[in-house]
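A.B. asks: One structure is given below, represented as structure tokens, and several questions about it will come after.
In our numbering, the protein residues as written are 163 to 530.
Set out below in structure tokens:
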């Protein structure tokens, strides 16, 4: 006979020792883990302490019959979804109706054929697993939809400012082109470029979120020096404009990750440090080995620091983005948290008022 679900945990309930012995033997031969109990009260206690994957339940038992056991299990949130198969010598239609009314999923009449018992156990375990999987997927989909709605609202809100700037300058150029001086035109061009770049950054964050949500990536050894080189190339305009001082380590400890996502984490951290650090910004990069074979990568700025209240919401979930606002740190850090979750790492900040901020993320160490 083919074995199925070898790790399934089954609670067998029967007040007759011989019946219980037969059930245990049949199920264990199929690789199931079986917990035998001889009365309804012990069945309730056992199921509530460690909910099984399926219950085989006799009807006629002293103190508490199978119907009452089933009703109490279905009334308990911890055990209500466990499939219950009644096994009884009672073969009347009313008995079966009462069993299904109490919450049973099947009914097997004694004496039964071993093959029939195993087939029904396999069927209901498979159905239960499918229901659980479907429920988990529905919960995940519900969470993702809520998150996406909140993120879309935040994106729409954040896009209003740069788009309003662009529209204002466009109307000015359209309505009063002859009155605009060369110096004013240069200011308009610079402001328009910055507004457009901000809008592009927001859209790129949206695209990045979609990618991070959908993809499961394989981690591999990182060339952190090359990643930092790419980050600074992307941000070189801001580095020059702010006259920032950058302090880089001579070497980086080897770590595992996914380079495109790690680059985005650095871009978020470094761009925030350049925009909201000191005047001029001073950014020091580094990496520190941690316990449990983890490397913590960080960038320290010389800004005003982040208060404990602000730290608590910096990496907030998307579902709370509309409820909180911290100047200088937007939805990008929420995406950083999501990236680190996908890479089995952590993201955070250490800061004190007037002491600057150290933004960090952790990755698994690589041992070549």
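Cβ atoms here follow ideal geometry from the backbone N, Cα and C, with glycine treated the same way.
1. Touching or not, the segment 362 to 377 and the segment 497 to 506, by the rule of three or more beta carbon pairs under 8 angstroms?
2. Of all the options 278, 264, 285, which has the alpha carbon lying nearest to the alpha carbon of residue 549?
3. Between residue 213 and residue 183, is the Cβ-Cβ spacing less than 8 angstroms?
4. Is the beta carbon of residue 229 sitting closer than 8 angstroms to the one on residue 221?
5. Quick one: what does DSSP say residue 399 is sitting in, helix, strand or coil?
6. To the nearest angstrom, how far is the alpha carbon of residue 490 from that of residue 524?
7. Runs of 4 residues minimum, wholly inside the segment 369 to 415: which ones carry the alpha helix (DSSP H) assignment?
8. Runs of 4 residues minimum, wholly inside the segment 182 to 230: which ones carry the alpha helix (DSSP H) assignment?
9. Please go through the same chain and pick out, in chain order, the residues whose beta-carbon is closer than 6 angstroms to the beta-carbon of residue 456, but skip the five residues on each side of it.
10. What do you get for residue 445, buried or exposed, if any count of 16 or more other CB atoms within 10 angstroms of its CB means buried?
11. Just to confirm, are residue 528 and residue 421 a CB contact at a threshold of 8 angstroms?
12. So which of 375, 452, 521 has the shortest CA-CA distance to residue 465?
13. To the nearest angstrom, how far is it from the Cα of residue 303 to the Cα of residue 309?
14. Are the CB atoms of residue 401 and residue 408 within a distance shorter than 8 angstroms?
15. Can you give me the C-alpha to C-alpha distance between residue 426 and residue 447, rounded to a whole angstrom?
16. Are there three or more Cβ pairs, one per stretch, closer than 8 angstroms when the segment 384 to 404 is compared with the segment 429 to 444?
17. Taking its Cβ as the centre, do 16 or more other Cβ atoms sit within 10 Å of residue 256, making it buried, or is it exposed?
18. Just checking my contact of residue 415 with residue 451 at CB under 8 angstroms: how many whole Å lie between their CB atoms?
19. For residue 206, count the other beta carbons within 10 Å of its own beta carbon; 16 or more makes it buried, fewer makes it exposed. Which is it?
20. For residue 386, which residues of its own chain have a beta-carbon under 6 angstroms away from its beta-carbon, when the five flanking residues on both sides are left out?
21. Enumerated in chain order, which unbroken segments of the beta strand (DSSP E) with a length of 3 residues or greater are wholly contained in the segment 233 to 316?
22. Please classify residue 293: is it buried, with 16 or more other beta-carbons within 10 angstroms of its beta-carbon, or exposed?
23. Could you check the C-alpha separation between residue 526 and residue 470 for me, to the nearest Å?
24. Can you grab the Cα-Cα spacing for the pair residue 454 / residue 389, in whole Å?
25. State the Cα-Cα distance for the pair residue 518 and residue 461, rounded to the nearest angstrom.
26. Check each candidate in 325, 392, 275, 423 and name the one with the smallest Cα separation from residue 357.
27. For residue 468, report the span of its beta strand (DSSP E) as first-last.
28. Tell me the DSSP secondary structure of residue 515 in three-state form.
29. Around the Cβ of residue 170, are there at least 16 other Cβ atoms within 10 angstroms (buried) or fewer (exposed)?
30. Among 286, 251, 225, 236, which residue has its Cα nearest to the Cα of residue 172?
31. Which ranges does the beta strand (DSSP E) cover as unbroken runs of at least 3 residues, wholly within the segment 439 to 467, from first to last along the chain?
32. Since residue 417 is in the beta strand (DSSP E), which residue starts that stretch and which ends it?
33. Which of the three DSSP states, helix, strand or coil, is assigned to residue 170?
34. Going by alpha carbons, who is nearest to residue 274 out of 318, 334, 405, 248?
35. Could you compute how far the alpha carbon of residue 176 sits from the alpha carbon of residue 198?
36. Does the beta-carbon of residue 323 have 16 or more other beta-carbons within 10 angstroms, so that it is buried, or is it exposed?
C.D. replies: Quick answer:
1. Touching, yes.
2. Residue coverage of the chain in this structure runs from 163 to 530, which leaves residue 549 outside it and unanswerable.
3. For this step, residue 213 is matched to residue 51 along the chain shown. For this step, residue 183 is matched to residue 21 along the chain shown. The Cβ atoms of residue 213 and residue 183 do not sit closer than 8 angstroms to each other.
4. To locate residue 229, count along the chain shown from 1; it is residue 67. To locate residue 221, count along the chain shown from 1; it is residue 59. Yes. Within cutoff.
5. Position 237 of the chain shown holds residue 399. Helix at residue 399.
6. Translated into positions along the chain shown, residue 490 becomes position 328. Translated into positions along the chain shown, residue 524 becomes position 362. Confidence at residue 490 is low in this model, with a pLDDT of 42, below 50, so its placement is unreliable and the value that follows should be read with caution. If you draw a straight line from the Cα of residue 490 to the Cα of residue 524, it is about 23 angstroms long.
7. Runs found: 386 to 396, 398 to 404.
8. Those alpha helix (DSSP H) runs which fall completely within the segment 182 to 230 and span 4+ residues are 202 to 211.
9. As a working mapping, residue 456 is identified with position 294 in the chain shown. Cβ neighbours of residue 456 within its own chain (closer than 6 angstroms, five residues either side excluded): 524.
10. Taking the first residue of the chain shown as position 1, residue 445 is located at position 283. Classification of residue 445: buried, given that the 10 Å Cβ count is 16 or more.
11. Here residue 528 is taken as the residue at index 366 of the chain shown, counted from 1. Here residue 421 is taken as the residue at index 259 of the chain shown, counted from 1. Against a cut-off of 8 angstroms, the Cβ pair of residue 421 and residue 528 comes out as no contact.
12. Against the chain shown, residue 465 aligns to sequence position 303. Closest by alpha carbon: 521.
13. Against the chain shown, residue 303 aligns to sequence position 141. Against the chain shown, residue 309 aligns to sequence position 147. So the alpha carbons of these two residues sit roughly 10 angstroms apart.
14. Counted from its first residue, the chain shown places residue 408 at position 246. Counted from its first residue, the chain shown places residue 401 at position 239. Taking C-beta atoms as the reference points, residue 408 and residue 401 count as a pair closer than 8 angstroms.
15. Numbered from 1 along the chain shown, position 264 holds the residue referred to as residue 426. Numbered from 1 along the chain shown, position 285 holds the residue referred to as residue 447. Residue 426 and residue 447 have their C-alpha atoms spaced approximately 15 angstroms apart.
16. Touching, yes.
17. Reading the chain shown from its first residue, position 94 is the one you call residue 256. A residue is called buried when at least 16 other Cβ atoms come within 10 angstroms of its Cβ; residue 256 does not meet this threshold and is exposed.
18. Taking the first residue of the chain shown as 1, we reach residue 415 at position 253. Taking the first residue of the chain shown as 1, we reach residue 451 at position 289. Rounded to whole angstroms, the Cβ separation of residue 415 and residue 451 is 6 angstroms, and the two are in contact under 8 angstroms.
19. Translated into positions along the chain shown, residue 206 becomes position 44. Result: buried.
20. Against the chain shown, residue 386 aligns to sequence position 224. If you ignore the 5 residues before and after residue 386, its C-beta comes within less than 6 angstroms of the C-beta of 414, all in its own chain and listed in chain order.
21. Counting whole runs of 3 or more residues, the segment 233 to 316 contains the beta strand (DSSP E) stretches 246 to 250, 268 to 271.
22. The count along the chain shown starts at 1 and reaches residue 293 at position 131. Under this definition residue 293 is an exposed residue.
23. If you number the chain shown from 1, residue 526 lands on position 364. If you number the chain shown from 1, residue 470 lands on position 308. The C-alpha of residue 526 lies about 27 angstroms from the C-alpha of residue 470.
24. Along the chain shown, one-based indexing puts residue 454 at 292. Along the chain shown, one-based indexing puts residue 389 at 227. Their Cα atoms are separated by approximately 24 angstroms.
25. Numbered from its first residue, the chain shown carries residue 518 at position 356. Numbered from its first residue, the chain shown carries residue 461 at position 299. Each residue's Cα considered, the two are about 10 angstroms apart.
26. One-based indexing of the chain shown puts residue 357 at position 195. 325 is the residue among 325, 392, 275, 423 whose C-alpha sits nearest the C-alpha of residue 357.
27. Walking along the chain shown from the start, residue 468 turns up at place 306. Segment: none, residue 468 is in no beta strand (DSSP E) and carries neither H nor E.
28. Along the chain shown, one-based indexing puts residue 515 at 353. DSSP places residue 515 in coil when its eight states are reduced to three.
29. As a first step, residue 170 must be located in the chain shown, where it is residue number 8. Here residue 170 is buried, its C-beta having at least 16 other C-beta atoms within 10 Å.
30. Start at 1 with the first residue of the chain shown, and residue 172 comes out as number 10. A check of alpha carbon separations from residue 172 across 286, 251, 225, 236 identifies 286 as the nearest.
31. DSSP runs (the beta strand (DSSP E)) wholly in the segment 439 to 467: 444 to 452, 456 to 462.
32. On the chain shown, position 255 is the one that residue 417 refers to. Per DSSP, residue 417 belongs to no beta strand (DSSP E) and is neither H nor E.
33. In the chain shown, residue 170 corresponds to position 8, counting from 1. Correct three-state label for residue 170: coil.
34. Taking the chain shown and counting its residues from 1, the one referred to as residue 274 is at position 112. Ranked by how close their Cα comes to the Cα of residue 274, the residues 318, 334, 405, 248 have 248 in first place.
35. Here the question's residue 176 lines up with position 14 in the chain shown. Here the question's residue 198 lines up with position 36 in the chain shown. One C-alpha to the other measures close to 8 angstroms.
36. If you number the chain shown from 1, residue 323 lands on position 161. Burial call: exposed.
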